[in-house]
Amino acid sequence: MWNPGNIIENIVNEIRSTVGEDEKVLCAVSGGIDSTTTALLVKKAIGDRLVAVFVNHGLLREGEAEEVLNMLRNLGINPIYIDASKMFLDALKGVRDCEEKRRIIGELFAKIFKDIVESDKFIKWLAQGTTYPDVIESGFVPGADRIKSHHNVAGLPSWLGLKLLEPIKYLYKDEVRAIALRLGVPEDWVYRHPFPGPGLAVRIIGEITEEKLRIVRRASKIVEEELRRSGLYRRVWQAFAVVGDDKWVGVKGDRRAVGYIVTIRIVESEDGMTADWSRIPLDVLDNIARRITSEIPEVTMVTYAITSKPPSTIEPC
Ligand code: XMP
Numbered sequence: 204m205w206n207p208g209n210i211i212e213n214i215v216n217e218i219r220s221t222v223g224e225d226e227k228v229l230c231a232v233s234g235g236i237d238s239t240t241t242a243l244l245v246k247k248a249i250g251d252r253l254v255a256v257f258v259n260h261g262l263l264r265e266g267e268a269e270e271v272l273n274m275l276r277n278l279g280i281n282p283i284y285i286d287a288s289k290m291f292l293d294a295l296k297g298v299r300d301c302e303e304k305r306r307i308i309g310e311l312f313a314k315i316f317k318d319i320v321e322s323d324k325f326i327k328w329l330a331q332g333t334t335y336p337d338v339i340e341s342g343f344v345p346g347a348d349r350i351k352s353h354h355n356v357a358g359l360p361s362w363l364g365l366k367l368l369e370p371i372k373y374l375y376k377d378e379v380r381a382i383a384l385r386l387g388v389p390e391d392w393v394y395r396h397p398f399p400g401p402g403l404a405v406r407i408i409g410e411i412t413e414e415k416l417r418i419v420r421r422a423s424k425i426v427e428e429e430l431r432r433s434g435l436y437r438r439v440w441q442a443f444a445v446v447g448d449d450k451w452v453g454v455k456g457d458r459r460a461v462g463y464i465v466t467i468r469i470v471e472s473e474d475g476m477t478a479d480w481s482r483i484p485l486d487v488l489d490n491i492a493r494r495i496t497s498e499i500p501e502v503t504m505v506t507y508a509i510t511s512k513p514p515s516t517i518e519p520c
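This is the structure in structure tokens:
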């Protein structure tokens, strides 16, 4: 019978028998449930031979870096923290194409990890929080099409000269959540919505500018706050804001103002592979739209995305 305790024991035993006695395992943590669970499993199996690294790529949500560090430290994982925001944002200047953004972000991550690996000859493994839907969506399963290059399953380990450890590769999200709860991850974190590795880069259509980053951060925070306030946060899979370059003529005070269009995306899903747009109450949407246009002066229009997956994907790019 499926039971989190048994699964944890099996995975921990498997890691212990796979990783050599003096070998270390590098694990990139983001605060997401997949990488947190992966790091906790590795820690349980091999203790301090886990080398956890948290890279801030400058594309995190409001207040996220500090919150993630606190949560991980409370769980006994003290990651190496690297604030590489400037490096990532500089490299992404002028880049409009989604897959190009993913490629640049993936490469910079890889370079940062390469430096760490070269500084410690005992690091022989890279642990990744790949789950079953990631495996399918990145086309690693025969018969499945490649949709987006989720960089967490790209060719990183071989490039780093490391062996790959994917302890939760055969698990779906609800199974990962059950395991995380058993490992002591606070409920609020376990039920946090998934957040893509490339962060807000895939929620900004076109070039990433400081202005668009500020808008998408603030607007996403408002969406999250309103969903929590109305008790809907846990009922939906993901809820966030998107910004692009299109503009809408507005009226602020009694003056013409040309501002950004922010699109709200709220979806319900079991595993992210298919998703339905969420029919949330109109007054919640109304509160979100009013707050966004009043609290973010550069926004003159809020729209709601009402296309399911397929034919859309969840993230805009
Ligand atoms: P899409 O947009 O492909 O998203 O329908 C499906 C799920 O995957 C997440 N996602 C990503 N996760 N790296 C990630 O780690 C990525 O590049 C990436 N792109 C999408 C998305 O948030 C959703 O939960």
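Position in the sequence shown (first residue = 1) + 203 = the UniProt record's numbering. Glycine included, each C-beta is placed from N, C-alpha and C at the ideal position.
Proximity of residue i and residue j at Cβ, strictly below 8 Å
| i | j | result |
| --- | --- | --- |
| Val502 | Ile467 | no |
| Ile491 | Ile407 | no |
| Gly447 | Gly453 | no |
| Lys304 | Val298 | yes |
| Gly234 | Leu275 | yes |
| Ala242 | Leu253 | yes |
| Thr239 | Val232 | yes |
| Gly208 | Arg380 | no |
| Ile418 | Ile517 | no |
| Ala268 | Asn259 | yes |
| Leu403 | Arg421 | no |
| Val215 | Ala248 | yes |
| Ile382 | Ile218 | no |
| Val405 | Pro399 | yes |
| Leu363 | Lys296 | no |
| Ser423 | Phe443 | yes |
Separation of residue j from residue i, as counted between CA atoms
| i | j | result |
| --- | --- | --- |
| Ile307 | Ala294 | 7 Å |
| Asp286 | Ser322 | 18 Å |
| Asp391 | Leu430 | 14 Å |
| Glu410 | Glu310 | 18 Å |
| Asp377 | Glu224 | 32 Å |
| Arg438 | Leu485 | 16 Å |
| Asn277 | Lys455 | 45 Å |
| Thr510 | Lys415 | 23 Å |
| Met476 | Ser352 | 14 Å |
| Ala460 | Cys520 | 28 Å |
| Val487 | Gly434 | 11 Å |
| Ser481 | Met204 | 33 Å |
| Gly332 | Asp479 | 25 Å |
| Asp489 | Asp237 | 33 Å |
| Glu428 | Arg395 | 13 Å |
| Pro513 | Gly261 | 30 Å |
| Ile483 | Ile319 | 45 Å |
| Val388 | Glu302 | 33 Å |
| residue 527 | Arg432 | What the structure shows of the chain is the stretch from 204 to 520, and residue 527 is not part of that stretch, so it cannot be assessed. |
| Asp457 | Asp300 | 37 Å |
| Asn273 | Val338 | 30 Å |
Assumed close pair residue i, residue j - CB separation to whole angstroms, cut-off 8 Å
| i | j | result |
| --- | --- | --- |
| Glu226 | Lys327 | 4 Å |
| Lys372 | Thr412 | Incorrect: roughly 37 Å between the Cβ atoms, too far for contact. |
| Pro330 | Leu368 | Note on residue identity: the sequence assigns Ala, not Pro, to residue 330. With a Cβ gap of about 4 Å, Ala330 and Leu368 count as contacting. |
| Trp440 | Val470 | 5 Å |
| Phe257 | Val271 | 6 Å |
| Asp449 | Ile464 | 5 Å |
| Tyr375 | Pro336 | 7 Å |
Reduced DSSP category for residue i - H, G, I as helix; E, B as strand; rest coil
| i | result |
| --- | --- |
| Leu263 | coil |
| Gly208 | helix |
| Lys351 | coil |
| Gly346 | Because Gly346 sits at a pLDDT of 43, beneath the cut-off of 50, its placement in the model cannot be relied upon, and the following sentence gives the value as read from the coordinates. Looking at Gly346 - three-state DSSP - the assignment turns out to be coil, as it is neither helix nor strand. |
| Cys301 | helix |
| Gly250 | helix |
| Leu229 | strand |
| Tyr436 | helix |
| Ile315 | helix |
| Ile411 | coil |
| Val222 | coil |
| Gly234 | coil |
| Phe443 | strand |
| Glu501 | coil |
| Ile517 | coil |
| Ile280 | coil |
Cross-strand partners of residue i (DSSP beta bridge)
| i | result |
| --- | --- |
| Asp479 | Glu471 |
| Lys372 | Answer is none; Lys372 lacks a bridge partner. |
| Leu329 | Leu229 and Leu367 |
| Lys450 | Tyr463 |
| Asp286 | Asn259 |
| Arg458 | Lys455 |
| Tyr507 | Ile467 |
| Val426 | Paired residue(s): none; Val426 is not in a bridge. |
| Lys512 | Ala478 |
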